[in-house]
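Peer 1:
Set out below in structure tokens:
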């Protein structure tokens with residue numbers, strides 16, 4: 003048999019009200035010293051219980067904050083490493099635009115080949131993403147990485163026109179600027195998402211000089227990579243002005 007939600011308050015009231023009445027009746031019939039002792043015991047119990055609750059709450063809060071700092075720090079390091087590979091992939095796209103690299107279409111995945119597909123830290127802390135300072139940016143960053151790799155693989159597996167290749171071998175088709183433009187857009191978006199992750203709040207950053215230098219250098223490389231891509235892919239979505247708010 004299941005009780006409705008409103009039944010429990012009634013049961014508690016029926017049980018507690020008589021107890022409270024008996025307590026106050028006994029209290030009124032007691033002497034001043036007994037009343038003072040009872041009130042002192044009650045206040046002491048409340049203070050002790052409140053102090054215990056506060057101590058537990060403080061310990062849990064401190065532990066959670068420390069865990070958030072460690073998780074955020076680990077993600078910062080991994081994202082900074084991934085940024086190097088993203089910049090490398092963008093440089094290949096620049097070389098394609100300059101026509102200095104003739105990459106056959108059936109080898110298009112070479113563009114993102116160096117980017118690891120299985121992140122170590124992100125996978126390990128997937129159940130604690132909510133502890134991060136920028137959880138949405140972090141999830142989106144790794145999603146863009148997977149998207150870029152999927153796009154180059156799809157470009158590589160692009161079906162050919164069988165009617166033209168059945169009897170006469172067709173010339174080797176190479177990846178063009180037009181082919182690679184969507185990949186560039188996705189990789190640039192990943193770089194933009196990495197900025198707030200790497201440049202996290204001071205309390206979540208590495209505290210030594212080396213960490214500061216690495217963070218500063220990584221942010222500089224992101225900006226340099228953006229400017230390098232802008233000269234060859236000026237129509238990229240990332241360089242378009244934001245829409246005006248009505």
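Numbering (our numbering), first residue to last: 3 to 248. Cβ atoms here follow ideal geometry from the backbone N, Cα and C, with glycine treated the same way. Fair warning: this is a prediction, and the values are worked out from it, not measured in the lab.
1) Hey, would you say residue 90 sits closer than 8 Å to residue 116, going by beta carbons?
2) I'd like to confirm the pairing. Which residues does DSSP put opposite residue 106 in its beta bridges?
3) According to DSSP, is residue 182 part of a helix, a strand, or is it coil?
4) How about residue 74 and residue 147: are their beta carbons less than 8 Å apart?
5) Counting pairs of Cβ atoms below 8 Å between the segment 125-134 and the segment 182-196, do you hit three or more?
6) Count Cβ pairs between the segment 88-107 and the segment 222-235 that sit closer than 8 Å; are there 3 or more?
7) Once DSSP output is grouped into helix, strand and coil, what is the label at residue 120?
8) Should residue 169 go down as buried or exposed, given a rule of 16 or more other Cβ atoms within 10 Å for buried?
9) Would you identify the three-state DSSP class for residue 202, choosing helix, strand or coil?
10) Between which two residues does the alpha helix (DSSP H) holding residue 142 run?
11) Using beta-carbon positions only, say whether residue 154 and residue 113 come within less than 8 Å of one another.
12) Kindly indicate the opening and closing residues of the alpha helix (DSSP H) around residue 114.
13) The alpha helix (DSSP H) that contains residue 213, what's its start and end?
14) In terms of alpha-carbon separation, which member of 222, 50, 109 and 100 lies closest to residue 174?
15) Check whether the Cβ atoms of residue 178 and residue 81 lie closer than 8 Å to each other.
16) Express the C-alpha separation of residue 106 and residue 125 in angstroms, rounding to a whole number.
Peer 2: Reading from the atomic positions:
1) yes
2) 176
3) Residue 182 falls in the helix class under three-state DSSP.
4) no
5) no
6) yes
7) coil
8) Low per-residue confidence applies at residue 169: pLDDT is 49, beneath 50, and the placement is therefore not dependable enough to give any value.
9) coil
10) 137-158
11) yes
12) Premise fails: residue 114 is in no alpha helix (DSSP H) and is neither H nor E.
13) 211-232
14) 109
15) no
16) Straight-line Cα distance between these residues: approximately 33 Å.
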